[in-house]
Amino acid sequence: MIQEGKEMDKKILKLLYRSFDDELNETETQRFKEALRQSDELRREKDRILAQRHAIAESQKPSFKPFFTERVMSRIASLSAKKNGLEAFYETLLAIFRRFALVGAAILIILLLANLRSGDALSTDEIFYTSDVAIEEIADLPLF
Amino acid sequence: MAATVIGMLGHCPEAEDVGQETFVRFYQSLDKFRGESSVGTYLTRIAINLSLNELKRRRQKRGRFSSKDDEGIENFPDRNEQKQRKELKDIVHTGIRKLDPKYRTVIVLRLIDGYSTSETAQILKLPVGTVLSRLARAQLKLKEILKPLYWDKYDTRGEGNG
C-alpha cells in the first residue's frame, strides 16, 4: 500500500514537471487537477518550480562586449579576402593549364593529320611510330 | 545568441570566441543551408555544438569528468537586501553552470532562450520525450543546488514568486 502510494506520488510529480513543458491529455489533466486540489504539498511544489523557472529566466541578461558585430564582420571580411585570393590563384592556374592543354591538343591533331597523309592507316603503331621501332632502340631515342 | 552561449559557458573570453565562431561558421555554410529549419534554429544549433565542444575541451584540460566550471557556492551571500537580487541571479547562474552539459543545454534553450519543447528537440536533434526527461532532471538537480538559499527563502515567505 505504501509502495503504491509512493508510485502514485512519483507519477503525479512526473505529471507536474510535464505540465510545464508538455501538453497533458484530458485524462492526465483531470488527474493532475484533482491531485492539486487534494494536496497542499503538491500546490506548494508547483509554486516552487514556477518560482525557480522564473528565477532561471531572469538570471540571464547577457550580452557580448561592445562592437561584437563589428568584430564578427571583420572576421568574415578577412575570410572573404583570403577566399578571393585563393580563388584568383586557382583561376590563374586553370587558365594557364587550359592554354597548355589547347596547344597540346592542337599539336596532337597536327601530328595525326600528318601521319594520316603520309601513311594509309591510322593505327597507334603508325601514330607513335612503334611499328618500325624495336624495343632496344627506344633507349636510344632522344627522349631519354 | 549571447543568452545561449553565455548560458552554456558563462561570462568568459571563450564565450565571445564561440559567439563569433557561430556567425562565421553560419556564413561559411550558407550554401548548405536548405531552409529545413529557421535561421534562428540553425544558428542556435551551431552555437550549442560549439559550446559543447568548448566544455569538452575544458574538461579535457582539467582532466575531470564533471562539468564544474565554477567554484562551489558553499558560502552563501550576505543577506543584505540591496545585494540580494544580484546575488540570487549570480547563484542561479552559477547553479546552472554546475549542471552536466546535457542538462544545462535544455535549461538554457527552454528556460532562458524561451524555445518551446519541440523547438528544443529540433535544435538538439533529440526526441521530445528525451528533452522532457532531461528538463525534469535538470530542474530537480537545480533544486538541490539552489535549495539552501532559494527554497528556504521561499518557505519563509510562504508565498509564490511565480
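Order-wise, the sequence lines are chains A and B.
Reading the first sequence from the start, the letters are residues 0 to 143 in numbering that gives the first Met the number 0.
Reading the second sequence from the start, the letters are residues 0 to 161 in numbering that gives the first Met the number 0.
Each residue gets a CB set at the ideal place from its N, CA and C atoms; glycine is no exception.
Bear in mind the structure is a predicted one, so any value in this text is a computation, not a measurement.
The CB of Leu78(A) comes closer than 8 Å to the CB of Val23, Tyr26, Gln27 in chain B, given here in chain order. In the three-state scheme derived from DSSP, where H, G and I count as helix and E and B as strand, His53(A) is classed as helix. Counting only residues of its own chain and dropping the five nearest sequence neighbours on each side, Ile144(B) has a CB closer than 7 Å to the CB of Gly94, Lys97.
By the C-beta criterion, the region 50-57 of chain B is judged not to be in contact with the region 115-131 of chain B, since fewer than 3 inter-stretch pairs fall below 8 Å. Restricting attention to Met7(B), Ala1(B), Met0(B), the CA atom closest to the CA of Arg103(B) is found in Met7(B). Approximately 7 Å separates the beta-carbon atoms of Leu141(B) and Gln51(A); this is inside 8 Å, confirming the contact. Across the structure, Lys32(A) and His53(A) are spaced so that their CA atoms are roughly 22 Å apart. His92(B) carries a helical assignment under DSSP once its states are collapsed to helix, strand and coil. Rounded to whole angstroms, the separation of the alpha carbons of Arg17(A) and Leu35(A) is 14 Å. Closest by C-alpha distance to Asp112(B), out of Glu57(A), Leu41(A), Asp8(A), is Glu57(A). Phe63(A) has its alpha-carbon roughly 46 Å from the corresponding atom of Thr26(A).
Between Gln27(B) and Arg70(A), the CB-CB gap reaches or exceeds 9 Å. Judged by their CB atoms, Pro61(A) and His10(B) are nearer to each other than the 9 Å cut-off. Lys142(B) reaches chain A at Gln51, counting residues in chain order whose Cβ is nearer than 7 Å.
Close to Ser62(A), with beta-carbon spacing below 9 Å, are these residues of chain B in chain order: Ala1, Ala2, Ile5. At a cut-off of 9 Å between beta carbons, Arg109(B) contacts chain A. Residue-level contact check: Phe31(A) does not touch chain B, since none of the beta carbons of chain B fall below 9 Å from its beta carbon.
Using beta-carbon distances, Tyr89(A) does not count as an interface residue toward chain B, since no partner is under 9 Å.
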